[in-house]
């Protein structure tokens with residue numbers, strides 16, 4: 080095996096190598112064409128659609144295998160050599176476990192699709208477009224091997240001075256699964272050791288020519304200071320019970336020009352760790368709620384019900400659906416046998432059912448359905464002209480409950496039966512930094528585009544917020560300012576002293592239910608304009624509504640996967656508009672219309 084070079088890679092491709100780019104394109108086309116979801120789950124179909132759309136964004140034509148001359152104007156490019164070389168590298172590695180028909184690895188199309196995505200898209204300076212990647216799949220679908228092979232390729236072939244490749248997990252034994260596979264492949268491949276000056280040790284692999292190391296570490300984050308990781312493979316991210324290790328690794332990699340955080344995982348039981356946040360971010364990205372060109376997500380799982388998208392839930396024991404979470408099942412008959420055995424036990428023993436769903440079907444332990452139909456919501460991105468609305472009656476609402484994250488002011492007008500809304504958000508500097516470091520919500524981009532106001536410090540700066548509220552109240556003269564009293568009493572008292580029309584909005588289903596019904600009627604009926612506000616849309620996509628014993632709904636911040644404060648403010652304002660209209664109607668019913 081020769082060192083990585085464009086000449087070597089091109090020559091290898093010309094000498095009978097598989098056409099990996101075409102394999103990835105065929106996989107994507109087949110997934111997109113599977114509109115009934117017979118073989119591919121929703122999230123893989125969306126990942127495939129994103130891949131094909133990104134090829135167009137990169138101005139690459141897969142039919143001709145050529146890029147357009149104008150690709151300099153594209154946000155990124157697609158490079159066939161960079162897509163092919165890692166696949167070629169991986170397929171020169173030996174099997175290290177089990178018995179196989181070939182001595183070397185032959186990647187499944189699902190793996191080729193992931194690797195071509197990860198390495199094929201490049202920034203204009205030739206660094207990888209993707210610096211974070213998620214590969215989620217059911218148990219025994221070679222995810223740990225894939226992680227090992229990718230990390231080994233990065234260790235050997237990416238241009239990095241003094242690379243520090245890390246295999247990280249909650250325990251030392253889990254971290255060593257990925258590391259030991261890589262170590263064994265190095266031990267079994269003399270050409271690999273010679274070409275890249277590698278030497279395997281018990282707890283590390285050394286690469287002498289560039290002063291690099293490949294090591295396993297566990298989740299005792301407090302002991303990991305001093306790291307400068309270039310590439311991190313974090314196996315079974317679902318098992319991490321907090322963000323500590325991830326935060327340490329993210330902050331430590333800040334000096335690297337082309338870092339990689341690779342998450343490989345199967346679903347797990349609910350815990351307060353980073354997995355729920357990462358999964359939610361990945362799904363929102365695939366749904367197109369926001370763009371995140373640094374993040375690659377491929378998520379194999381059975382489908383959950385989504386009435387708004389017309390998707391029915393797959394049955395746990397429908398064998399024809401298992402391939403959605405187990406792509407290797409079609410080439411590995413032993414995997415199908417094992418899943419069948421566990422299905423028999425899961426049917427007979429309810430206590431085994433949850434484990435079967437999570438580990439063999441890659442289904443979350445519990446999931447709550449979002450309230451908003453995003454397709455219909457996105458049709459309401461009509462213009463919100465503040466100058467035209469100025470002088471028309473409106474209601475302002477405040478959700479200031481979060482002192483360390485998002486605080487919201489929202490204005491709502493109802494003109495000729497149509498609702499219009501515009502808002503202002505504030506986030507402290509620390510929250511922006513933490514969100515940016517974790518890469519799960521584009522706060523920094525929203526700050527740059529003026530969608531969020533960043534205030535100095537670790538907590539909300541209520542002086543800045545108060546000044547802005549007063550300014551907008553003077554500009555738009557709201558008839559009422561509804562507020563959630565939590566964490567806002569002092570500010571509310573100061574606003575009352577300025578004679579602003581403050582009205583407490585009770586945070587319960589009785590208050591919220593009419594607003595939820597009215598907003599749903601308005602946005603479904605295209606009687607609502609939000610101006611395409613991405614922060615409001617993000618909060619809308621996060622919102623889960625729960626019901627009381629009388630079937631009254633309210634937004635539930637605890638069950639919602641992420642922030643919903645902007646939606647709460649919107650609902651409070653809509654609720655006060657409804658209340659004012661009903662109150663006016665009741666007065667007319669009691670006394671009749673006065674004539675002068």
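In the numbering used here, the protein residues as written are 80 to 675. Where a beta carbon is used, it is the ideal one built from N, C-alpha and C, also for glycine. Just so it is clear, the structure is predicted and the values come from calculations on it, not from any experiment.
Residue environment analysis places residue 412 among the exposed positions, since fewer than 16 neighbouring C-beta atoms fall within 10 angstroms of its C-beta.
Taking a contact as a CB-CB distance under 8 Å, the pair residue 195 and residue 99 counts as one, their CB atoms being some 6 Å apart. When DSSP assignments are scanned along the segment 570-607, the uninterrupted stretches of beta strand (DSSP E) that are 3 or more residues long and fall wholly within it turn out to be 581-583.
A direct Cα-Cα distance of roughly 8 Å separates residue 181 from residue 174. Beta-bridge partners assigned by DSSP to residue 145: 140. Straight-line measurement puts the Cα of residue 237 at about 58 Å from the Cα of residue 557. Straight-line measurement puts the Cα of residue 657 at about 7 Å from the Cα of residue 594.
Non-local beta-carbon contacts of residue 392 in its own chain, meaning distances under 6 Å to residues more than five positions away in sequence, involve 383 and 384 in chain order. Distance from the CA of residue 468 to the CA of residue 652, rounded to the nearest whole angstrom, comes to 16 Å. If you look at residue 246, you'll find it in the beta strand (DSSP E) that goes 243-247. Taking the Cα of residue 504 as reference, the smallest distance to any Cα among 248, 486, 514 and 481 is reached at 486.
One thing to note: residue 112 has its Cβ no nearer than 7 Å to the Cβ of residue 127. The residues 642, 643, 644, 645 and 646, in chain order, have a CB closer than 7 Å to that of residue 618 in the same chain once the five nearest residues on each side in sequence are set aside. DSSP, reduced to helix, strand and coil, places residue 502 within a strand of the structure shown. The beta carbon of residue 307 sits closer than 7 Å to the beta carbons of 243, 331 and 334 from its chain, once the five residues preceding and following it are set aside; these are given in chain order.
Looking at the DSSP output, residue 633 sits in a beta bridge with 625.
Using a Cβ distance threshold of 7 Å, residue 96 and residue 164 do not count as a contacting pair.
For residue 493, the enclosing beta strand (DSSP E) stretches over residues 486-494. Around the beta carbon of residue 103, a 10 Å sphere encloses 16 or more other beta carbons of the protein chains shown; the residue is thus reported as buried. Excluding five sequence positions before and after residue 364, the CB atoms of its chain that fall closer than 7 Å to its own CB belong to 371, 374 and 376, given in chain order.
For residue 533, the three-state secondary structure derived from DSSP is strand. Each residue's CA atom was taken as its position, placing residue 200 and residue 341 some 16 Å apart. The DSSP-derived three-state label of residue 458 is coil.
For residue 353, same chain residues with a beta-carbon under 7 Å away, outside a window of 5 residues either side, are 316, 319, 322 and 325 in chain order. Proximity of the segment 471-490 to the segment 531-551 meets the contact definition, three or more beta-carbon pairs being nearer than 8 Å. Residue 298 is not a Cβ neighbour of residue 344, given a cutoff of 7 Å.
By the criterion of at least three beta-carbon pairs nearer than 8 Å, the segment 553-567 is in contact with the segment 582-591.
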